[in-house]
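Notes follow the structure.
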Amino acid sequence: MTSSARPLRARIHLDAIRHNYRYAKQLAPYSKVLAVVKANAYGHGAVMVAQTLADIADGFAVACIDEAMELRDAGITQPIVLLEGVFNANELALVDRAELSVVVHCQEQLAWLLAARPLQKLNCWIKIDSGMHRVGFEPSDFNRVYAELRACPHVGELVAMSHFARADEPNLPYTTQQIAVFEKTLSGLAIPRSLANSAAILAYSNAHVEWTRPGLMLYGASPFAEAHPLATALCPAMTLESALIAIRNLPAGEPVGYGGRFVSEHPMRVGVVAIGYADGYPRHAPTGTPVAVNGQMTRLIGRVSMDMITVDLTEIIDAHVGAPVELWGTTVAANAVAAASETLAYQLFTGIGRRVAHCYEIPSTLCD
Ligand SMILES: *Cc1c(COP(=O)(O)O)cnc(C)c1O
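Residues 42 to 409 (the working numbering) make up the sequence shown, in order.
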């Protein structure tokens, strides 16, 4: 990224990511941890995040081979699991060469694996559909799939995995049911298991088993819509910040921005901030969405434009052009912006635009 005078940047607190990783480990002390760094580590930078965790993570998980190769090319030697496995048989040659582990979730992938002639043994994570009904083998197919893979001379270690549809709803019978289906499917087999995403690490300790798979919590956002006591220990790893580029005083009754959707209720001071939906700020964020100027909470007003937003400065009298603005981070929870915009922190983080510079901070003083 070339340096730009535009004040918008995503500051990434790498020590917060280490803190959150250790917290995931502390919550599930008997489990190994597969740190999920797909989608460029949820917008935080996959190589930087993987390097930050390289000395403590048991492995990494990504969505596809390109994401895995980026990590291998950067010198990451830990196990890397392809969460959707391969998309065609040809990818298995690269899987072999780069020593990746693959999820096997369907009959086609199973056939490709069995027909492959790799130089090394392939490690496989067999995915069972315990109730999400997206990908994975039917529980009734598991014994056959397991037997075929176990009998195959070029298949190495096996792990049985499944994924939750509703783990972000604590104390829900559906998740307990998914755990029961999974355990029943594996009964009598001594195979390592993996179930828990971030929400289940925090809310379903009986799902921790041999391997956990935290994603969102590594980046310091809670996976829950409501407050959860165990989620308060997470440290936000991204501060999306910009600055005021203009300030104007409006009399009462004046419209602000596209569509004139917001009309000043009284004489107002309005600030313009260098960020817009082309940077990943949600275009549907309504008037009232929280934003911090000079560390003080205020609100977005009017429509989000491509490169700018407008904010209410009426109560922030000392804010001048150049004053720092936090869109989300340690002052404004990403989840609060997400909730106001009817989306999720997952989408905010992964939607960070290409023109947003990433600044890596190590160490920061934000967390212990
Ligand atoms: C993305 C993903 C995760 C991580 O989920 P979070 O909710 O971000 O913790 C875990 N397992 C699988 C299979 C995934 O695709």
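All C-beta atoms in this analysis are idealised placements derived from N, C-alpha and C, irrespective of residue type, glycine included.
None of these values were measured; they are calculated from a predicted model.
Exercise for review: Compare the C-alpha of Tyr-64 against each of Leu-163, Gly-261, Ile-117, Gly-100 and name the closest.
Suggested key: Comparing alpha carbon positions, the residue from Leu-163, Gly-261, Ile-117, Gly-100 closest to Tyr-64 is Gly-261.
**Study point:** Whole-angstrom distance between Val-176 and Leu-151, CA atom to CA atom
**Key:** Inter-residue distance for Leu-151 and Val-176 is about 13 Å (C-alpha atoms, whole angstroms).
Review point. Leaving out five residues before and five after Glu-179 in sequence, what residues of the same chain have Cβ atoms less than 7 Å from its Cβ?
Key: Contacts found: Asp-170.
Check your understanding: Residue range of the alpha helix (DSSP H) that Ala-104 falls in?
Key -> Looking at the DSSP string, Ala-104 is not in any alpha helix (DSSP H), and its letter there is neither H nor E.
Exercise for review: Answer yes or no: the CB of Met-279 versus the heavy atoms of ligand 3, is any distance below 7 Å?
Suggested key: As far as ligands go, the structure on display features ligand 1 and does not contain ligand 3.
**Study point:** Exposed unless 16 or more other CB atoms sit within 10 angstroms - verdict on Gly-86
**Key:** Flag for Gly-86 reads buried.
**Study point:** Continuous beta strand (DSSP E) assignments of at least 3 residues falling wholly in the segment 266-300
**Key:** Here the runs fully enclosed are 279-291.
Practice item. Report the three-state DSSP secondary structure of Pro-120 (helix, strand or coil). Key: Secondary structure of Pro-120 (DSSP, three-state): coil.
Point to revise | Three-pair Cβ contact test at 8 Å for the segment 199-219 versus the segment 237-245 | key: Enough Cβ pairs lie closer than 8 Å, so yes.
Practice item. Check the DSSP bridge columns for Ser-142 and list the partner residues they point to. Key: Residue pairing by DSSP places Ser-142 opposite Val-122, Asn-164 in a beta bridge.
Review point. Can you give the Cα-Cα distance for Pro-270 and Ala-244, rounded to whole angstroms?
Key: The straight-line gap separating the alpha-carbon atoms of Pro-270 and Ala-244 is approximately 10 Å.
Review point. Between which two residues does the alpha helix (DSSP H) carrying Val-186 extend?
Key: In the DSSP annotation of this structure, the continuous segment of the alpha helix (DSSP H) that includes Val-186 starts and ends at 183-192.
Point to revise | Check whether Gly-312 and Val-334 have beta carbons under 8 Å apart | key: The Cβ atoms of Gly-312 and Val-334 sit closer than 8 Å to each other.
Exercise for review: Indicate whether the contact test is met: 3 or more Cβ pairs, each with one atom in the segment 298-313 and one in the segment 389-401, closer than 8 Å.
Suggested key: With the cut-off at 8 Å, the segment 298-313 and the segment 389-401 do not touch.
Exercise for review: Please report how far the alpha carbon of Arg-191 lies from the alpha carbon of Ile-97, in whole angstroms.
Suggested key: In a straight line, the C-alpha of Arg-191 is about 30 Å away from that of Ile-97.
Practice item. Could you check the C-alpha separation between Ile-286 and Glu-367 for me, to the nearest Å? Key: Rounded to the nearest whole angstrom, the CA to CA distance from Ile-286 to Glu-367 is 14 Å.
Exercise for review: Determine the direct distance from the alpha carbon of Val-186 to that of Gly-126, and round the result to whole angstroms.
Suggested key: Their Cα atoms are separated by approximately 15 Å.
Review point. Within the chosen definition, does the segment 245-254 reach the segment 372-380 through at least 3 CB pairs nearer than 8 Å?
Key: Because the criterion of three Cβ pairs below 8 Å is not met, the segment 245-254 and the segment 372-380 do not touch.
Check your understanding: Three-state secondary structure (DSSP) at Val-200?
Key -> Strand, per DSSP.
Practice item. Tell me whether Val-352 is buried or exposed, calling it buried when 16 or more other Cβ atoms sit within 10 Å of its Cβ. Key: Around the beta carbon of Val-352, 16 or more other beta carbons sit within 10 angstroms, so the residue counts as buried.
Check your understanding: Alpha carbon to alpha carbon, how far is Met-349 from Ile-358?
Key -> So the two alpha carbons sit approximately 21 Å from each other.
Review point. How would you write the range of the beta strand (DSSP E) that Tyr-401 sits in, first residue to last?
Key: Per DSSP, Tyr-401 belongs to the beta strand (DSSP E) from 398-402.
**Study point:** Touch test, the segment 51-65 against the segment 89-109, Cβ-Cβ under 8 Å, three pairs minimum
**Key:** Contact holds: three or more Cβ-Cβ distances are below 8 Å.
Check your understanding: Looking at C-alpha atoms only, which residue of Leu-341, His-54, Leu-385, Gly-294 is the closest neighbour of Ser-263?
Key -> The residue from Leu-341, His-54, Leu-385, Gly-294 with its alpha-carbon nearest to that of Ser-263 is Leu-385.
Practice item. Put Ala-380 into one of helix, strand or coil per three-state DSSP. Key: Correct three-state label for Ala-380: helix.
Review point. When the Cα atoms are used, what is the spatial distance from Ile-121 to Ser-382?
Key: About 34 Å.
Practice item. Going by CA-CA distance only, name the one from Val-314, Ala-80, Arg-289 that's closest to Gln-388. Key: Out of Val-314, Ala-80, Arg-289, Ala-80 has the C-alpha closest to the C-alpha of Gln-388.
**Study point:** Sheet register partners of Leu-341 (DSSP bridge)
**Key:** The beta-bridge partner set that DSSP reports for Leu-341 consists of Val-352.
Review point. Starting from Ile-242 and walking both ways along the alpha helix (DSSP H), at which residues does that stretch end?
Key: Secondary structure note for Ile-242: its alpha helix (DSSP H) is the uninterrupted segment 239-244.
Point to revise | Proximity to Val-314 [Cα-Cα], best of Phe-183, Gly-294, Thr-339, Glu-295 | key: The residue with the shortest Cα to Cα distance from Val-314 is Thr-339.
Check your understanding: Span of the alpha helix (DSSP H) holding Leu-151?
Key -> Element bounds for Leu-151: 148-156.
**Study point:** Sub-8 Å separation of Ala-157 and Leu-133 beta-carbons
**Key:** Taking 8 Å as the Cβ cut-off, Ala-157 and Leu-133 qualify as a contacting pair.
Point to revise | Residue of Glu-140, Asn-131, Ala-104, Glu-149 minimising C-alpha distance to Thr-118 | key: It is Glu-140.
Practice item. Go ahead and label Arg-234 buried or exposed: buried means 16 or more other beta carbons lie within 10 angstroms of its beta carbon, across all protein chains shown. Key: That one is buried.
**Study point:** Minimum C-alpha distance to Val-78 - residue among Arg-47, Lys-66, Leu-123
**Key:** Minimum Cα distance to Val-78 is reached at Leu-123.
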